[in-house]
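First to last, the sequence lines map onto chains A and B. So the first sequence is numbered by numbering that gives the first Met the number 0: it starts at 0 and just counts up by one. So the second sequence is numbered by numbering that gives the first Met the number 0: it starts at 0 and just counts up by one. I have placed the structure first, in the form of structure tokens, so that the comments after it can refer back to it.
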Amino acid sequence: MTPLPLAPIVLTPLVVLALATVLTWVERRLLGLWQDRYGPNRVGPGGMFQAVADGIKLLFKQDWVPPFADRGVFVLAPAIGMMTVLLSFAVIPLAAGGIAGGLNVGLLFILAMMGLGVYAVVLAGWASDSKYALLGGMRAAAQMISYEVFMALSLLGVVMVAGSFSLRDIVAAQSGLWFIIPQGLGFVVFLLAGIAETHRLPFDLPEGENELGAGFHTEYSGMKFGMFFIAEYAGIVLVSALATTLYLGGGNGLLLPAPVWFALKTGVIVAFFILLRAGLPRPRYDQLMGLGWKVLLPLSLLNVLATGTVMMLRAS
Amino acid sequence: MVLSASPITGLDQPGMMATQSTRDGVRTLWVTVDDLRPTLSTLKEHTPALLMLFDLTAIDERERTHRDGQPPADFTVIYHLMSLATRADEVRIKVALLGDRPTLPTISDLWPNANWYEREIWDLFGIRFENHPFLRRILTPPTWTDHPLRKDHYARATEMPPYSLTEEQERHEQDAMRFDPSAWGMQRHSDHSDFMFLNLGPNHPSVHGVFRIILQLEGERIVDAVPDIGFHHRGAEKMGERQSWHTYIPYTDRVDYLGGVMNNFPYVMAVETLAGITPPPRAQMIRVMLAELFRIASHLVFYGTMAQDVGQLSPVFYMFTDRERVFGIIEAICGFRMHPAWFRIGGVAMDLPTGWEDLIRAFVNDLPRRLDEYDAMVMRNPVFRGRTKGVGAYTTAEAVEWGVTGPGLRATGLPWDYRRQAPYACYEQLEFDIPTGANGDCYDRIAVHVEEIRQSLRIIRQCLDHMPAGPIKADHPLTTPPPRARTLHDIETLIHHFLGAAWGPVIPPGEARSCVEATKGLNCYTLVSDGGTTSYRTRIRTPSFAHLQMIPLLGRGVMIADLIAILGSIDFVMADVDR
């Protein structure tokens with residue numbers, strides 16, 4: 000039995016949480032930049048410590064559970080959300096392989112974790128015993144379950160080309176050509192599904208503040224809300240890191256060391272996520288489902304078909 | 000009176016008791032309670048379409064002294080009809096009612112929008128409408144016991160003992176707010192599923208103020224909707240009976256609080272009609288220019304919040320930045336931003352400051368370019384179009400049935416603008432187009448708003464180029480306050496100033512209404528003077544009140560998200576609804 004990689008086990012969650020926290024500040028500053036305003040710029044250099052201040056505020060808030068809520072599930076839901084995201088990072092080959100970078104079904108593991116992540120939202124909506132939360136939970140269930148299908152199918156192309164579910168092998172397979180070139184279609188579908196998975200605008204229907212107040216986390220406050228919040232941002236980092244790993248060659252790059260390349264590529268995708276939020280309105284629920292089942296599903300199937308055909312022709 | 004020449008015909012029938020002459024020249028006819036429904040239905044039949052029940056209100060006549068030639072009455076109910084033919088034509092039908100608890104038949108089957116107006120009259124005057132489908136209080140809470148616009152009702156909190164709320168009372172009040180579907184004749188479940196009743200508001204990000212809609216939902220689809228208003232009711236009409244004619248002006252700003260001086264406009268025009276004042280041309284053009292600036296400010300808020308209602312976060316920031324520039328100009332001219340109360344009886348408060356042209360010209364030259372950018376960002380965005388096209392559509396006929404005016408009416412394709420159909424102030428001299436839509440859906444309403452911003456810029460540019468010289472206040476003893484230079488020179492004017500400031504101007508008895516094409520539709524003040532320093536009755540007919548009544552019609556069968564888009568596209572302000 001190999002010894003437990005203690006350092007990565009301790010460090011990865013800490014780094015991810017810190018990243019997610021900083022990301023809340025980065026997002027607000029970037030949105031400010033694009034919206035002709037400042038954003039938080041008072042606490043610390045450039046407002047950097049705003050995220051820390053917010054964290055302290057959330058931590059010290061009264062830990063309150065609405066009397067009508069299903070207490071056990073209500074508390075469990077944000078923990079599930081947080082846990083599944085953090086566990087997913089275990090297999091991301093951040094730099095030197097991560098915790099379990101070599102897991103030969105790494106990709107499946109991540110998909111499984113994302114599937115479990117739906118429970119956080121659905122259970123939160125259910126346990127709140129509030130109509131707005133329930134509607135949010137319902138939307139989340141339908142949206143995330145459908146988008147998981149296309150996400151998995153879009154990844155199939157990568158798996159076929161790389162011939163492995165291990166993320167390390169997939170990165171290694173891209174040493175020549177990044178998969179974004181042969182798998183461009185898959186990349187687009189994956190990214191769209193990723194936005195829906197992290198329920199970010201324009202696919203933030205489970206929250207849909209203009210319609211549902213705050214959707215599934217309407218009744219949450221304090222650090223339990225904070226966990227949903229941080230899990231959402233960690234989810235963005237996860238999807239971006241995943242996109243980097245699967246399509247942008249992971250840490251591959253010239254001159255700079257691998258971790259720097261990895262961070263740069265991930266950062267660009269994260270910024271793109273934020274830009275989307277600044278730019279786009281939200282489609283209606285049925286439009287979102289229509290886009291998924293009528294456009295993205297055929298596209299991802301087409302991608303698998305085309306990839307398979309090319310591979311077959313090459314082989315023969 | 001040549002009846003055949005006007006669009007509204009059918010007035011020459013036996014039911015008419017008397018005609019009354021009013022200061023505003025609107026034909027005013029009295030009918031008996033028994034003749035009311037036949038008269039109104041004949042009118043509706045005779046007038047080829049587009050006859051709108053513009054307003055429906057009442058007067059408590061019991062303390063009024065100047066009622067020469069009018070039939071005896073304790074209460075009068077006024078049916079204000081307006082024909083939307085090529086030129087605006089109006090007629091007032093009045094019904095005299097005797098007794099403390101009078102009743103009369105409902106007309107909500109003739110005009111669906113009478114429903115809320117009749118509820119309002121019941122609520123505020125205690126006049127019952129027989130066969131009304133749902134005669135409940137609408138502006139005051141359901142636990143209220145009196146009828147506030149009656150003359151014997153107190154007007155101020157100081158006339159009451161201190162207010163206290165025991166726990167039991169609080170429970171009682173909260174229970175009264177609970178929604179009971181059966182009271183509205185709603186089913187709790189269909190054959191195969193239970194309905195969910197969702198309380199949207201009074202605090203909800205998308206109801207633009209304090210406004211509650213109760214939704215009967217099947218999944219996310221709306222089966223029925225019940226709007227509940229009155230949370231913002233501040234008794235603006237009652238206040239009009241206490242404040243002097245002059246000191247009421249600032250209250251009007253706060254009715255449609257996004258419209259600023261646009262609200263002063265119909266009020267001061269109505270007072271001027273009663274007093275027989277004609278403001279000088281420069282004052283007229285300053286009024287028009289400021290009103291159009293406020294139209295832009297209000298439409299910008301609409302544009303931004305509309306985009307936000309469908310989930311687009313950024314536009315509202317750009318549009319509020321532009322609105323800020325409008326406020327910069329307003330502040331330079333008036334000294335205030337949102338509620339300048341800048342119009343006066345007989346003119347405006349002060350002349351334009353030095354350098355006003357440059358301020359406005361810079362803005363007028365810059366905004367079109369930004370509007371083009373917003374078109375690309377919002378109006379041409381496919382997701383935005385997908386959310387607004389074909390959503391919440393109604394026809395011109397429906398709009399007229401429900402009393403819809405303003406951009407919501409023009410979006411149905413009817414080029415009807417009060418500034419063109421019945422020009423007031425100096426609009427006759429100004430060139431502008433009336434933008435219209437074709438489908439009457441959310442998208443068209445937004446497009447009309449956006450184009451109106453451009454047309455307002457055009458009007459402002461003309462005001463800029465052709466601003467007449469001369470006085471900014473009318474040379475009339477009732478101009479309040481009188482021109483300052485003259486106050487300091489002759490004792491006669493000084494006395495007027497003193498009386499106007501100490502007691503307020505005394506406006507001759509009479510009745511007058513004045514309408515403007517406000518930011519959201521037709522805004523109309525009907526004033527009754529009994530020859531005193533305060534108004535005997537101030538009636539504020541606001542566009543938002545009429546528009547909100549349509550929500551159940553538009554909301555049935557759509558998704559929650561569509562309802563939010565519909566609410567945004569109606570462009571309402573709750574203070575304008577509840578007054």
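Even for Gly, the Cβ is constructed at its ideal location relative to N, Cα and C. Note that the structure is a prediction, hence the values are computed from the model and not measured.
- Linking Leu287/A to Gly193/A through their CA atoms gives a straight-line distance of about 14 angstroms.
- Of the candidates Gln454/B, Phe335/B, Asp174/B, Arg177/B, the residue whose Cα lies closest to the Cα of Arg294/B is Gln454/B.
- Note: His188/B is bridge-paired with Asp193/B in the DSSP secondary-structure output.
- For the C-beta of Phe316/B, the chain A residues within less than 8 angstroms are, from N- to C-terminus, Gln34, Asp35, Arg36.
- For chain B, the residues of the region 197-225 of chain A that bring a beta carbon within less than 9 angstroms of one of its beta carbons are Leu200, Pro201, Asp203, Leu204, Gly207, Glu208, Asn209, Glu210, Leu211, Gly212, in chain order.
- Residues of the region 276-309 of chain A with a C-beta less than 8 angstroms from any C-beta of chain B: Arg276, Ala277, Gly278, Leu279, Pro280, Arg281, Pro282, Arg283, Tyr284, Asp285, Gln286, listed in chain order.
- Straight across, the Cα-Cα distance linking Thr492/B with Pro480/B is about 9 angstroms.
- Between the alpha carbons of Thr31/B and Val94/B lies a gap of roughly 6 angstroms.
- Excluding sequence positions up to five before and after Pro434/B, its CB lies within less than 7 angstroms of the CB of Arg409, Val447, Glu450, Glu451, Gln454, all in the same chain and listed in chain order.
- Glu196/A sits close to Val238/A, with the two beta carbons spaced by under 8 angstroms.
- Within 10 angstroms of the beta-carbon of Ser297/B lie 16 or more other beta-carbons, which makes it buried.
- Across the set Met150/A, Gln34/A, Ala76/A, Gly250/A, the C-alpha of Met150/A shows the shortest separation from the C-alpha of Ile109/A.
- Going by DSSP, Val74/A is part of the alpha helix (DSSP H) stretching over 70-88.
- Under DSSP, His79/B shares a beta bridge with Asp54/B, Arg91/B.
- Per DSSP, reduced to three states, the secondary structure at Lys56/A is helical.
- With contacts defined as CB atoms closer than 8 angstroms, Pro507/B and Leu273/B qualify as a contacting pair.
- Residues of chain B whose Cβ lies closer than 9 angstroms to the Cβ of Lys56/A do not exist, since the nearest Cβ in that chain is about 22 angstroms away.
- Counting C-beta pairs closer than 8 angstroms gives fewer than three between the region 461-472 of chain B and the region 381-392 of chain B, which falls short of the contact rule.
- By the neighbour-count criterion, in which 16 or more other beta carbons inside 10 Å mark a residue as buried, Arg70/A falls on the exposed side.
- If you check the CB distance, Leu299/B and Ala277/A do not come in under 8 angstroms.
- Using beta-carbon distances, Asn380/B counts as an interface residue toward chain A, with a partner under 8 angstroms.
- Of the residues assessed, Gly407/B falls on the buried side of the cut-off, its CB having 16 or more other CB atoms within 10 angstroms.
- The beta carbon of Tyr393/B is closer than 6 angstroms to those of Gly439 in its chain, skipping five residues each way along the sequence.
- Judged by beta-carbon spacing, Ile229/A lies beyond the 8 angstroms limit of Leu30/A, meaning their Cβ atoms are not closer than that value.
- Taking C-beta atoms under 8 angstroms as the contact rule, Phe342/B and Ile248/B qualify, at a distance of about 7 angstroms.
- Taking C-beta atoms as the reference points, Val84/A and Gly212/A fail to come closer than 8 angstroms.
- In the structure shown, the three-state DSSP call for Trp29/B is strand.
- Between the alpha carbons of Pro141/B and Asp54/B lies a gap of roughly 24 angstroms.
- The three-state reading of DSSP puts Gly248/A in coil, since its state is none of H, G, I, E or B.
- Residues of the region 541-570 of chain B with a Cβ closer than 8 angstroms to any Cβ of chain A, in chain order: Met558, Ile559, Ala560, Asp561, Ile563.
- By the Cβ rule, the region 142-157 of chain A counts as touching the region 298-315 of chain A, because three or more pairs are nearer than 8 angstroms.
- Under DSSP, Tyr524/B takes part in a beta bridge, and its partners are Ser513/B, Ile539/B.
- The DSSP-derived three-state label of Leu553/B is helix.
- Residues of the region 120-134 of chain A with a C-beta less than 9 angstroms from any C-beta of chain B: Lys130, Tyr131, Leu133, Leu134, listed in chain order.
- Under the DSSP assignment, Val222/B falls outside any alpha helix (DSSP H), being part of the beta strand (DSSP E) whose first and last residues are 220-227.
- When the Cα atoms are used, Pro504/B and Lys472/B turn out to be separated by approximately 15 angstroms.
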